[in-house]
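If you read the sequence shown in our numbering, its first letter stands for residue 16, the second for the next number, and so on. To keep things clear, I will list the structure first and then write my remarks on it.
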Amino acid sequence: MNNLVLYSVENRIATITINRPEKRNALNPQLIAELTAAFVHASEDELVKVIILNANGGTFSAGADLEYLQQLQNNSFEENVADSNNLKKLYTTIYYLSKIVIAQVEGHAIAGGCGLATICDIVFATPESNFGYTEVKIGFVPAIVSCFLMQKVNQTVAKEILLTGKTFSSEKALQFNLINFVTNSADIDQKVKEFALNLCNESSGNSLMITKQLINQTDNLSLEKSLENAVQINAKVRESKDFKKGIASFLNKEKINW
């Protein structure tokens, strides 16, 4: 079985690659665990100063895996709390990591995949990339990712994005302050590496770490409380009739009548 996450280091830059292209890099418990472990390893790797997160194939991440969604319907509340905490752990690991994380988004970044991009410190995307928190369309709630989204965008934008569940272009994501740069697909690899190398060569590692902590720490207390609440909401919603109806219709490729 192939590793779902690849890890390499060159020029003090660690590249963490989501490697599940046959499933459009969809998230499942194994991928979430491997990604978390890769980021922890990068944080402890003395050869690493900056981290790039990218993905193989034409999609950054399509969100939750279909089999995973099906399994959630049979989970107990306690199992759903534990599962939600695993996703929270991945996001908080990246958010609080002592090293800068740059997302290289090529293709779609949807639902949990959009959340993954959102929590990175710097985000590059191609003009063809699409973003979206589509959870409400299938009876779910983007509880955990919304906590990080609110760190980046204002409430007006957050409501538009989360309540409609619509996907939007990288240009829109740039306007929303969700990402930093839109770069042509032919150039994005080079541009991301140049940006990472500049951080390595022109900035103190200790200063990068402390500056990231300084920026994040302003809202840390409220973020932690929001995340604890989000984990509970996430688990409760999975027991709702709407969630079960939405997931069943989604899996059977049937139109959902709300």
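Each residue gets a CB set at the ideal place from its N, CA and C atoms; glycine is no exception. Here the structure is a predicted model, which means the values were calculated and not measured.
Measure the C-alpha to C-alpha separation of residue 25 and residue 72 and round it to an integer number of angstroms.
In the sequence shown, counting from the first residue as 1, residue 25 sits at position 10. In the sequence shown, counting from the first residue as 1, residue 72 sits at position 57. Looking at the two C-alpha atoms, the distance is approximately 21 Å.
Beta-carbon proximity check, residue 31 vs residue 53, cutoff 7 Å
If you number the sequence shown from 1, residue 31 lands on position 16. If you number the sequence shown from 1, residue 53 lands on position 38. Closer than 7 Å, so yes.
Nearest neighbour of residue 115, chosen from 96, 219, 243 [CA to CA]:
Within the sequence shown, the letter at position 100 stands for residue 115. Looking at the Cα atoms, 219 is the closest of the given residues.
Within this structure, are the beta carbons of residue 149 and residue 125 separated by less than 7 Å?
Along the sequence shown, read from residue 1 onward, the residue named residue 149 stands at position 134. Along the sequence shown, read from residue 1 onward, the residue named residue 125 stands at position 110. Yes. Within cutoff.
Going by alpha carbons, who is nearest to residue 161 out of 230, 269, 178?
For the purposes of this step, residue 161 is taken as residue 146 along the sequence shown, with counting starting at 1. The residue with the shortest Cα to Cα distance from residue 161 is 178.
Counting Cβ pairs, one atom from each stretch, are 3 or more of them under 8 Å apart for the region 139-157 and the region 106-115?
no
Looking at residue 168 and residue 196, is the spacing between their C-beta atoms short of 7 Å?
Taking the first residue of the sequence shown as position 1, residue 196 is located at position 181. Taking the first residue of the sequence shown as position 1, residue 168 is located at position 153. Taking 7 Å as the Cβ cut-off, residue 196 and residue 168 do not qualify as a contacting pair.
Roughly how many angstroms separate the alpha carbons of residue 99 and residue 193, rounded to a whole number?
For this step, residue 99 is matched to residue 84 along the sequence shown. For this step, residue 193 is matched to residue 178 along the sequence shown. Taking the straight line joining both Cα atoms gives about 23 Å.
Alpha carbon of residue 27 to alpha carbon of residue 56, nearest angstrom:
Here residue 27 refers to the residue found at position 12 of the sequence shown. Here residue 56 refers to the residue found at position 41 of the sequence shown. If you take the alpha carbons of residue 27 and residue 56, they lie about 14 Å apart.
Can you tell which of 63, 74, 95 has its C-alpha closest to the C-alpha of residue 274?
The requested residue 274 does not occur in the structure, where the chain is confined to residues 16 to 273.
Fully enclosed by the region 39-75, which beta strand (DSSP E) runs are 3 residues long or longer?
You should have 65-70.
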